[in-house]
Amino acid sequence: MAPCVLPLYKSMTGELQADIVVYNGVSHRPRFGHRDSLTTAPSSVHRMSAEANLNPFLLAANTPDPDPRLLPLLRSRPELASVQDAHGYSLLHAAASYNHVDLLRSLVNEFRVDINLKDEDGETCLFVAETVDAARCLVDELHVDLRVRNEDGMDAMEKFESEQEFPEVAEYLRIHAAEASTSETTGAGAGSVPNGVQLPPPLPPNVSISIGTESDAAETLDQEPDPGFRQRIDELASRENFHTDEGQRELRELISDAIKDVAGDARDVRRRVG
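The letter at position 70 of the sequence shown is residue 70 when you use the UniProt record's numbering, and the numbering goes up by one with no holes.
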């Protein structure tokens, strides 16, 4: 069955309305004011079982709440949750436009619909949100991509501002963008990285830190003995009383002094800055 286009016209009150259309024997007059026409889903939508022969787009457009038959229909036919019409219009777009916040949550969290589905204009459902509640749900809870730009090169905030529609939504997006920019600037100044690790502040000019282990320090000290120490050893060994108790006592004192000097040098190596 070919897609059924429902042309819109302006009523006496200026509201965009659809011509009455008979869908499976039932008359409908859906309102999709942000589009020039509404197209039902592809032929797969029409090949529903007799038990659930319903149009999910019309059910989602019901006000003030979605038609209660919608979720049971989607649970019996999960593939319908992410279906798009000939213009790329999706149930996400309908839910955002009609402020059906709970339906937005169900589509993303239960049916795993891609929150960034785009229509033929390159616009996600954020571009058609008409209330702050819907925009906040999309941004804060469902993490819609704020960087998406439509075919005119505008993001959602810029589109709202250019069309001067739904100023509360435009203001919310403006404030959110400013807060995100401030947070990124603060994080960059503090040396933060994406995984939340805080880096230390930069060192002053001409200062560096070398970090090593005890073995590194030992390797650093593994060099020719101090000439003065070698001379003292040679002098002590050449004395006649070297093998006496007195000579051995002096040798122990000499070794003790040498150990103290080595330990002091090792501590200096570990904290050396240069």
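The beta carbon of each residue, even a glycine, is placed where N, CA and C say it ideally should be.
- [ ] From the DSSP output, in three-state form, read off tyrosine 172 for me.
- [x] helix
Open item on the list: Please identify the residue among Glu165, Ile115, His100, Glu123 whose C-alpha is closest to the C-alpha of aspartate 133.
Closed with: His100
- [ ] Express the C-alpha separation of serine 181 and alanine 60 in angstroms, rounding to a whole number.
- [x] 35 Å
TODO: Measure the C-alpha to C-alpha separation of serine 162 and asparagine 116 and round it to an integer number of angstroms.
DONE: 22 Å
- [ ] Would you list the one or two residues that DSSP bridges to serine 90?
- [x] Gln84
Task: Same chain only: Cβ atoms within 8 Å of glycine 247, ignoring 5 sequence neighbours per side - done: Leu236, Arg239, Asn241
Task: Distance CB(asparagine 109)-CB(phenylalanine 127) smaller than 8 Å - done: no
Task: Backbone CA spacing between glutamine 17 and asparagine 62 [nearest angstrom] - done: Bear in mind that the predicted position of glutamine 17 carries a pLDDT of just 42, short of 50, making it unreliable; the figure below should be weighed with that in mind. In a straight line, the C-alpha of glutamine 17 is about 14 Å away from that of asparagine 62.
Task: Nearest candidate by alpha-carbon position, reference alanine 86, set Ala170, Asp245, Asp119 - done: Asp119
- [ ] Taking all protein chains shown into account, decide if alanine 178 is buried (16 or more other Cβ within 10 angstroms of its Cβ) or exposed.
- [x] exposed
Task: Classification of threonine 244 by the beta-carbon crowding that lies within 10 angstroms, buried from 16 upward - done: exposed
Open item on the list: By the three-class DSSP mapping on this structure, what secondary structure does aspartate 257 have?
Closed with: helix
TODO: Note the first and the last residue of the continuous alpha helix (DSSP H) segment covering leucine 104.
DONE: 101-105
Task: Same chain, Cβ closer than 6 Å to aspartate 257, neighbours up to 5 away in sequence not counted - done: none
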